[in-house]
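Enquirer: Submitted below is the structure of interest, expressed as structure tokens.
2 protein chains.
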Amino acid sequence: MSKLGSAPTLDDVAKLAGVSTATVSRCLNNPGQVVEATRLRVQSAVDALGYMPNFAARVMAAKRSSTIGAIIPTMENAIFARGLQAFQEELHQHGYTLLVSSSAYEPEIEEEQIKTLVARGADGLLLIGHDRHPRIYENLERWKIPALVAWSYLPDAQLPCIGFDNRAAMAELANHVIGLGHTRIGVISGISAGNDRARLRINGIQDAASQHGLDPSDLTIIETPYEIENGASAFSEVMSQNIPPTAVLCGNDVLAVGALHRAMEMGLNVPRDISITGFDDIELARIATPALTTVHVPHREMGRRAASALIGMLENQASGHGNPLATHIVERQSLGPPPDA
Amino acid sequence: MSKLGSAPTLDDVAKLAGVSTATVSRCLNNPGQVVEATRLRVQSAVDALGYMPNFAARVMAAKRSSTIGAIIPTMENAIFARGLQAFQEELHQHGYTLLVSSSAYEPEIEEEQIKTLVARGADGLLLIGHDRHPRIYENLERWKIPALVAWSYLPDAQLPCIGFDNRAAMAELANHVIGLGHTRIGVISGISAGNDRARLRINGIQDAASQHGLDPSDLTIIETPYEIENGASAFSEVMSQNIPPTAVLCGNDVLAVGALHRAMEMGLNVPRDISITGFDDIELARIATPALTTVHVPHREMGRRAASALIGMLENQASGHGNPLATHIVERQSLGPPPDA
DNA sequence: TTGTAAGCGTTATCAT
DNA sequence: ATGATAACGCTTACAA
Chain A
16 MSKLGSAPTL DDVAKLAGVS TATVSRCLNN PGQVVEATRL RVQSAVDALG
66 YMPNFAARVM AAKRSSTIGA IIPTMENAIF ARGLQAFQEE LHQHGYTLLV
116 SSSAYEPEIE EEQIKTLVAR GADGLLLIGH DRHPRIYENL ERWKIPALVA
166 WSYLPDAQLP CIGFDNRAAM AELANHVIGL GHTRIGVISG ISAGNDRARL
216 RINGIQDAAS QHGLDPSDLT IIETPYEIEN GASAFSEVMS QNIPPTAVLC
266 GNDVLAVGAL HRAMEMGLNV PRDISITGFD DIELARIATP ALTTVHVPHR
316 EMGRRAASAL IGMLENQASG HGNPLATHIV ERQSLGPPPD A
Chain B
16 MSKLGSAPTL DDVAKLAGVS TATVSRCLNN PGQVVEATRL RVQSAVDALG
66 YMPNFAARVM AAKRSSTIGA IIPTMENAIF ARGLQAFQEE LHQHGYTLLV
116 SSSAYEPEIE EEQIKTLVAR GADGLLLIGH DRHPRIYENL ERWKIPALVA
166 WSYLPDAQLP CIGFDNRAAM AELANHVIGL GHTRIGVISG ISAGNDRARL
216 RINGIQDAAS QHGLDPSDLT IIETPYEIEN GASAFSEVMS QNIPPTAVLC
266 GNDVLAVGAL HRAMEMGLNV PRDISITGFD DIELARIATP ALTTVHVPHR
316 EMGRRAASAL IGMLENQASG HGNPLATHIV ERQSLGPPPD A
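Residue numbers (the working numbering), protein chains in the order written: chain A, 16 to 356; chain B, 16 to 356.
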């Protein structure tokens, strides 16, 4: 019997409708199994009481939550926003709810968040990138909870993944930059430790350098957390060398916008005096001044595909594996030939 | 008895440690009540099994979840990011977990999200702004679930609130603009229906106009969803009048950045040819070109205070009511005197 | 200090 | 088509 002022329960509804709790439960979950007349009676009892099923009780009894958990590195900028949005839209269409939390790029926080999400009964997990402690993969296996990695495609990863080839994508851009005549190149990267996307993008630049006969160890590489302000500081640092670079490739658009801003403050004209590029193609890249030349990532499609793949793993024991997504360079105004060309 | 390959339960831990489930539960929740020796034994059983308490079961048994739900209008831009971040940090310090969902500025979605969060056992709710269907307030009361409104302070609101006076804040800015000599003023607002913040900011501008002997009905007001692109279109529209305004006040920084960008595309110099202002003081405002003159909102403090107030309501039946927070104008480069002054 | 056992609100398996 | 009833995994009086 429900106490006054608490949320009504299945039992309250059943009593009011004059049926058993089992019937009420069926009305809610398998309306087809119940005859029209009873269904109507139950429905009005539900409405009258403002009944809402108790989620915890439902999860316990059904042993599934129709909930997917996602742990993303940050919500502070738009890097993951579009992809996650598409991910959640696709999940919603299939009757799943998304629970999101962020790890602030901290491995320990990510591990804690994974536990929290599993404890909350998530049926499956979306993780960003591959770099994490082996213990986490062991636990996931032990708990038998399907997980999918996004934002990074690796052919031989431990977990199925939906994403793009960060290394090749950045190499393509770097090749283009070098092809324009740049030989002194600065790199402003995110912190690469524990972040395969950042690491692979650096590798991509190194690949392109080697390929063009440049010495990869001549690259000036600065690593800094993905924040606009840090992009600005790193730009100052990279430009303060004896022979400053003529092009600065940034690990993402956020860093690039910071660099762009600092260049302006330093009285440098982009791209006449210095070229700057980004990665991701978030909205910021379009509205920056000058608009940012960057690598376009198909965020929405990645989110959609990740959702389908994960649902496939949950419902059809599908492998979840797919093919890498294609990226492409978006040429805007921040990249040009080197000044002395 | 737990089946192989499922997550271990309290019972498994109890058996392994040779104690009752009650004792294991105490070790986890009130370690003080248990003697050192047993505690250690239990702890190693927990570790050995990789035990994680089942959240749903815990919520059912304890009848509280230590979870707070927040429904914010959007995650797509940074408007709510900082405040929410501070909110969640403060909650975390007090042992609460935050569950966030977004309503996309849709009243029906918000209502659905509230139900979902309540069904999931949220102990309390954070809502943005006051405008919503009375039924929602009735339900909240019926379910006896404490809720707090943030981002808008209203002295006689139905729910306790932590926020600032949107009307006065915008009036202060408008007064400043008019004081500079502007008489033809355009307004690019968010959709005001169902959004008291947007509505009150418009009212603030109207207040300032009246106060200076201008006719509030002479203001050109365009309402459009908070997106950069919309700010740009609205700017075109507001400038296409016979006698265009010399200053355009935007309902938030996102719209203002769009307007700024379009002004540049139109070959207008800001602020020489046209002044543009924002509201919120998000990071975007600082890095825009030119940097945006805007109203600074103490987002982090608001988030912190909201968390404290809500926890107070949950734990000490405190009223949750506080005083309005102060805002202030941040003068940067997008506002100047009118061209003909 | 520790154990026993009664719930918590559903779902799902049997009967009927 | 519907009704009993046994789980589900945990917390918390109450007993010992």
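Just so you know, even glycine gets a beta-carbon here, dropped at the ideal spot from N, CA and C.
Let me know if Glu125(B) comes out buried or exposed under the rule of 16 or more other beta-carbons within 10 Å of its beta-carbon.
Expert: The count along the second sequence starts at 1 and reaches residue 125(B) at position 110. Buried.
Enquirer: Could you tell me the alpha carbon to alpha carbon distance between Asp11(B) and Tyr120(B), rounded to whole angstroms?
Expert: The structure shown does not extend to residue 11(B), since chain B is modelled only from 16 to 356, so the question has no answer here.
Enquirer: Since Leu113(A) is in the beta strand (DSSP E), which residue starts that stretch and which ends it?
Expert: Within the first sequence, residue 113(A) is the residue found at index 98, counting from 1. Here the beta strand (DSSP E) through Leu113(A) covers 112-117.
Enquirer: Check for me: the beta strand (DSSP E) holding Gly84(A) runs from which residue to which?
Expert: As a working note, residue 84(A) is residue 69 in the first sequence. 82-87 is the extent of the beta strand (DSSP E) around Gly84(A).
Enquirer: Under 7 angstroms, CB to CB, which of the residues in the segment 153-182 of chain B have a partner in chain A?
Expert: Residues Asn154, Arg157, Trp158, Lys159.
Enquirer: Are the CB atoms of Leu106(B) and Leu99(B) within a distance shorter than 7 angstroms?
Expert: In the second sequence, the residue the question calls residue 99(B) occupies position 84. In the second sequence, the residue the question calls residue 106(B) occupies position 91. No, the pair does not count as a contact, with Cβ atoms beyond the cut-off.
Enquirer: In whole angstroms, what is the alpha-carbon distance linking Pro122(A) and Arg199(B)?
Expert: Numbered from 1 along the first sequence, position 107 holds the residue referred to as residue 122(A). Numbered from 1 along the second sequence, position 184 holds the residue referred to as residue 199(B). The straight-line gap from Cα to Cα measures roughly 54 angstroms.
Enquirer: Which two residues bound the contiguous beta strand (DSSP E) that contains Ala165(A)?
Expert: Counting from 1 along the first sequence, the entry for residue 165(A) is found at position 150. The continuous beta strand (DSSP E) containing Ala165(A) extends over residues 162-165.
Enquirer: DSSP puts Thr235(A) in a beta bridge; with which residues?
Expert: For the purposes of this step, residue 235(A) is taken as residue 220 along the first sequence, with counting starting at 1. Answer by DSSP bridge pairing, in chain order: Gly201(A).
Enquirer: Anyone know if the C-beta pair for Ser349(B) and Val272(B) falls short of 7 angstroms?
Expert: Residue 349(B) sits at position 334 when you count from the first residue of the second sequence. Residue 272(B) sits at position 257 when you count from the first residue of the second sequence. No.
Enquirer: Please report the residue range of the beta strand (DSSP E) in which Ala22(B) lies.
Expert: The count along the second sequence starts at 1 and reaches residue 22(B) at position 7. Premise fails: Ala22(B) is in no beta strand (DSSP E) and is neither H nor E.
Enquirer: Taking the DSSP output, what are the residues bridged to Ser290(A)?
Expert: On the first sequence, residue 290(A) is found 275 positions in, with the first residue counted as 1. Answer is Ala262(A), bridged to Ser290(A).
Enquirer: On the DSSP bridge assignment, give the partners of Gly337(A) in chain order.
Expert: In the first sequence, counting from the first residue as 1, residue 337(A) sits at position 322. Answer is none; Gly337(A) lacks a bridge partner.
Enquirer: Just checking: is the beta-carbon of His311(A) within a distance shorter than 7 angstroms of some beta-carbon in chain B?
Expert: Position 296 of the first sequence holds residue 311(A). No, its Cβ sits nowhere closer than 7 angstroms to a Cβ of chain B.
Enquirer: What in chain A is Cβ-close to Thr308(B), meaning under 8 angstroms?
Expert: What you label residue 308(B) is simply residue 293 of the second sequence in a count that begins at 1. Simply none; closest approach about 17 angstroms.
Enquirer: According to DSSP, what are the bridge partners of Leu141(B)?
Expert: In the second sequence, counting from the first residue as 1, residue 141(B) sits at position 126. DSSP, once it has assigned bridges, lists Ala85(B), Leu163(B) as partnering Leu141(B).
Enquirer: Asn69(B) touches chain A at which residues, Cβ-Cβ below 8 angstroms?
Expert: Residue numbering aside, residue 69(B) sits at position 54 when the second sequence is read from its first letter. By Cβ distance, chain A contributes Met75, Ala134, Gly136.
Enquirer: Can we say the segment 39-58 of chain A touches the segment 142-151 of chain B, given the rule of at least three CB pairs closer than 8 angstroms?
Expert: no
Enquirer: Who are the Cβ neighbours of Leu283(A) in its own chain at under 7 angstroms, not counting the five residues just before and after it?
Expert: Translated into the one-based positions of the first sequence, residue 283(A) becomes position 268. Only Ile289 meet the Cβ criterion.
Enquirer: Tell me the residue span of the alpha helix (DSSP H) that contains Ile243(B).
Expert: The count along the second sequence starts at 1 and reaches residue 243(B) at position 228. Looking at the DSSP string, the run of the alpha helix (DSSP H) that includes Ile243(B) is 243-254.
Enquirer: Give the interface partners of Gly65(A) over in chain B, defined as CB-CB distance under 7 angstroms, in chain order.
Expert: Walking along the first sequence from the start, residue 65(A) turns up at place 50. Chain order gives the chain B residues near Gly65(A) as Asn154, Arg157, where near means a beta carbon separation below 7 angstroms.
Enquirer: Which value, in whole angstroms, describes the spacing of the CA atoms of Ile258(B) and Ile86(B)?
Expert: Here residue 258(B) is taken as the residue at index 243 of the second sequence, counted from 1. Here residue 86(B) is taken as the residue at index 71 of the second sequence, counted from 1. Ile258(B) and Ile86(B): Cα-Cα distance of roughly 41 angstroms.
Enquirer: Could you work out which residue in Pro353(A), Gly351(A), His343(A), Arg347(A) is closest to Ala183(A) when comparing CA atoms only?
Expert: For the purposes of this step, residue 183(A) is identified with residue 168 of the first sequence, where counting begins at 1. Of Pro353(A), Gly351(A), His343(A), Arg347(A), the smallest CA-CA separation from Ala183(A) is found for His343(A).
Enquirer: Please go through the same chain and pick out, in chain order, the residues whose beta-carbon is closer than 6 angstroms to the beta-carbon of His227(A), but skip the five residues on each side of it.
Expert: Taking the first residue of the first sequence as position 1, residue 227(A) is located at position 212. Correct list, in chain order: Ile193.
Enquirer: Roughly how many angstroms separate the alpha carbons of Val269(B) and Ala300(B), rounded to a whole number?
Expert: Position 254 of the second sequence, counting from 1, holds the residue named residue 269(B). Position 285 of the second sequence, counting from 1, holds the residue named residue 300(B). Straight-line Cα distance between these residues: approximately 8 angstroms.
Enquirer: Note down, in chain order, all residues in the segment 267-293 of chain B with a beta-carbon under 9 angstroms from any beta-carbon belonging to chain A.
Expert: Val272, Gly273, Leu275, His276, Met279
Enquirer: Consider the Cβ of Ala96(A): report whether some Cβ of chain B lies at a distance smaller than 7 angstroms.
Expert: The count along the first sequence starts at 1 and reaches residue 96(A) at position 81. Yes, its Cβ sits closer than 7 angstroms to a Cβ of chain B.
Enquirer: I'd like to confirm something about Tyr152(B): is its beta-carbon nearer than 6 angstroms to some heavy atom of the ligand NAD, or not?
Expert: In the structure on display, the ligand NAD does not appear, and there are no ligands present to speak of.
Enquirer: With 16 other CB atoms within 10 Å as the buried threshold, where does Gln48(B) fall?
Expert: Residue 48(B) sits at position 33 when you count from the first residue of the second sequence. Exposed: under 16 other Cβ atoms inside 10 Å.
Enquirer: Helix, strand or coil for Val34(A)? Go by DSSP, reduced to three states.
Expert: Walking along the first sequence from the start, residue 34(A) turns up at place 19. If DSSP states are grouped into helix, strand and coil, Val34(A) belongs with coil.
Enquirer: Exposed or buried, what is Gln103(B) when buried is set at 16 or more other beta-carbons lying within 10 Å of its beta-carbon?
Expert: Sequence index remark: in the second sequence, residue 103(B) carries index 88 (1-based). Gln103(B) is buried by the Cβ-count criterion.
Enquirer: Is it right to say Arg287(B) is buried, meaning 16 or more other beta carbons lie within 10 angstroms of its own, or is it exposed?
Expert: Locating residue 287(B) in the second sequence gives position 272, counting from the first residue. Residue environment analysis places Arg287(B) among the exposed positions, since fewer than 16 neighbouring C-beta atoms fall within 10 angstroms of its C-beta.
Enquirer: Report the neighbours of Ala72(B) on chain A: residues whose CB is nearer than 8 angstroms to its CB, in chain order.
Expert: Residue mapping note: residue 72(B) aligns to position 57 of the second sequence, counting from 1. Per Cβ cutoff of 8 angstroms: Ala71, Met75.
Enquirer: Given a cut-off of 7 angstroms on the beta-carbon distance, is the pair Gly205(A) and Gly293(A) in contact?
Expert: Walking along the first sequence from the start, residue 205(A) turns up at place 190. Walking along the first sequence from the start, residue 293(A) turns up at place 278. With a cutoff of 7 angstroms on beta-carbon distance, Gly205(A) and Gly293(A) are scored as not near each other.
Enquirer: Might you give, ordered along the chain, the residues of its own chain that have their beta carbon closer than 8 angstroms to the beta carbon of Leu19(A), omitting 5 neighbours on each side?
Expert: On the first sequence, residue 19(A) is found 4 positions in, with the first residue counted as 1. Reliability fails at Leu19(A), whose pLDDT of 49 lies under 50, so the model's placement of it is uncertain and the value that follows must be treated cautiously. For Leu19(A), where only same-chain residues beyond five positions count, there are no Cβ hits under 8 angstroms.
Enquirer: Under a CB-based cut-off of 7 angstroms, is Leu19(A) close to chain B?
Expert: Translated into positions along the first sequence, residue 19(A) becomes position 4. Residue placement at Leu19(A) is flagged as unreliable, the pLDDT there being 49, under the threshold of 50; a coordinate-derived value is accordingly withheld.
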